[in-house]
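Peer 1: Numbering (our numbering), first residue to last: 25 to 156.
For every residue, glycine included, the Cβ atom is placed at its ideal position computed from N, Cα and C.
Input: one structure, supplied below.
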């Protein structure tokens, strides 16, 4: 004779509380790893967009200098306004996606390999500007 707590007609189906808790804990761990990956991806993409903005402004400064027969070191009154604004190379000021602030290089055409614009967010500077 077998002794059981449950009547013979009772079938145990489903999960116990411990099993459900364990599954939820594993899922939460996987989700936290996903969030870490997404954060790293977002930071990398923000950095890339910011450096692209710096590069595009640099190209606009070089284009302005070429179109107006300016040379490196020449002073242009309100150089930023000559490249950014309605009807210029950029209609609006570029915006750093990480919330950084751009600093412009004043009214002087920069030398080759010197960036005209920089961002105050750490890591948002190009590795090299040799061809700029």
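My assumption, with CB atoms under 8 Å, is that residue 137 sits in contact with residue 127. Please give the rounded CB distance.
Peer 2: Their Cβ separation, rounded to whole angstroms, is 18 Å, which puts residue 137 and residue 127 out of contact at 8 Å.
Peer 1: If we require 3 or more residues per run, which beta strand (DSSP E) segments fall completely within the region 42-124?
Peer 2: None, since the region 42-124 contains no complete beta strand (DSSP E) of that length.
Peer 1: If you count every other CB in all the chains shown that lies within 10 Å of the CB of residue 104, and 16 or more means buried, which is it?
Peer 2: When all chains shown are included, residue 104 counts as buried.
Peer 1: Start and end of the beta strand (DSSP E) containing residue 126?
Peer 2: Unbroken beta strand (DSSP E) run through residue 126: 126-128.
Peer 1: By the three-class DSSP mapping on this structure, what secondary structure does residue 138 have?
Peer 2: Residue 138 falls in the coil class under three-state DSSP.
Peer 1: Should residue 82 be labelled buried (16 or more other beta-carbon atoms within 10 Å of its own) or exposed?
Peer 2: Classification of residue 82: buried, given that the 10 Å Cβ count is 16 or more.
Peer 1: Give me the DSSP bridge partner(s) of residue 146.
Peer 2: None; residue 146 has no bridge partner.
Peer 1: According to DSSP, is residue 153 helix, strand or coil?
Peer 2: In the structure shown, residue 153 sits in coil (DSSP, three-state: anything other than H, G, I, E or B).
Peer 1: Who pairs with residue 40 in a beta bridge, going by DSSP?
Peer 2: According to DSSP, residue 40 bridges with nothing at all.
Peer 1: Please classify residue 65 as buried or exposed, where buried requires at least 16 other C-beta atoms within 10 Å of its C-beta.
Peer 2: By the 10 Å Cβ count, residue 65 comes out exposed.
Peer 1: Between the region 84-98 and the region 49-59, can you find at least three pairs of beta-carbon atoms closer than 8 Å?
Peer 2: In short, these stretches do not touch, since the Cβ pair count stays below three.
Peer 1: Assuming residue 70 and residue 121 are in contact, meaning their beta carbons sit under 8 Å apart, how far apart are those beta carbons, in whole angstroms?
Peer 2: Contact holds; Cβ gap of about 4 Å.
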